[in-house]
Amino acid sequence: MARDFNAIMGYRFEELHVGMTAETSRTVTDADILMFAGVSGDMNPVHMDDEFAATTMFKGRIAHGFLTVSFVSSVLGTKMPGPGAVYVSQTVRFLAPVHSGDTVVSRATVIGLLPEKRRVTLDTRCIVRDKVVLEGEAVVFIPPR
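Numbering (the working numbering), first residue to last: 287 to 431.
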């Protein structure tokens, strides 16, 4: 018997409208940084070495930028548009560092719809203590069901 995935799928393209917003939050831990380094292979000492990182402009270790970007993926893949959506592109500007212990609120807002291609454009942001640390724009494809 085939599974019915409708119960876990996200928004249908037709349900989306400009201005819709969704967000998630996550507190970054040392374990997150270590696991991301292991998966990505990025062992830059600004992420891994307290003593080295203390000599940088950040005055301590910072999370990988793309760890923070992955929190945007979490919003898109779990909240809006949700399961079934497929990333097409993502632009990103890093505006401030994220440290272990920071709670990152990741927000996506629909800013454009392209019905003929079933593509949604979203403003994407990550915020720590009311400061935008990352901003960009994502395009996702919503497959028909």
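In this text, a Cβ means the ideal position worked out from N, Cα and C, and glycines have one as well.
In this structure, does DSSP put residue i in helix, strand or coil?
{"i": "LYS403", "result": "helix"}
{"i": "GLY398", "result": "strand"}
{"i": "VAL384", "result": "coil"}
{"i": "GLY346", "result": "coil"}
{"i": "ASP409", "result": "strand"}
List the endpoints of the continuous beta strand (DSSP E) containing residue i.
{"i": "THR313", "result": "307 to 313"}
In chain order, what residues of the same chain lie with their CB nearer than 8 Å to the CB of residue i, ignoring the 5 residues before and after it?
{"i": "VAL332", "result": "PHE338, ALA339, THR342, PHE344, ARG347, ILE348"}
{"i": "VAL390", "result": "SER311, ARG312, THR313, VAL314, THR354, PHE357, VAL384, CYS412, ILE413, VAL414, VAL419"}
{"i": "VAL426", "result": "LEU362, PRO367, ALA371, VAL372, TYR373, VAL374, ARG405, VAL406, LEU408"}
What residue does the alpha helix (DSSP H) around residue i start on, and which one ends it?
{"i": "THR377", "result": "From DSSP, THR377 is part of no alpha helix (DSSP H) but of the beta strand (DSSP E) over 372 to 380."}
{"i": "GLY324", "result": "316 to 326"}
{"i": "GLU301", "result": "Run containing GLU301: none; DSSP gives neither H nor E here."}
{"i": "GLY351", "result": "351 to 364"}
Leaving aside the five residues before and after residue i along the sequence, list all residues of the same chain whose C-beta is less than 7 Å from its C-beta, in chain order.
{"i": "LYS417", "result": "ALA382"}
Please list, in chain order, all residues of the same chain as residue i whose beta carbon is under 6 Å from its beta carbon, the five residues on each side excluded.
{"i": "GLY398", "result": "THR407"}
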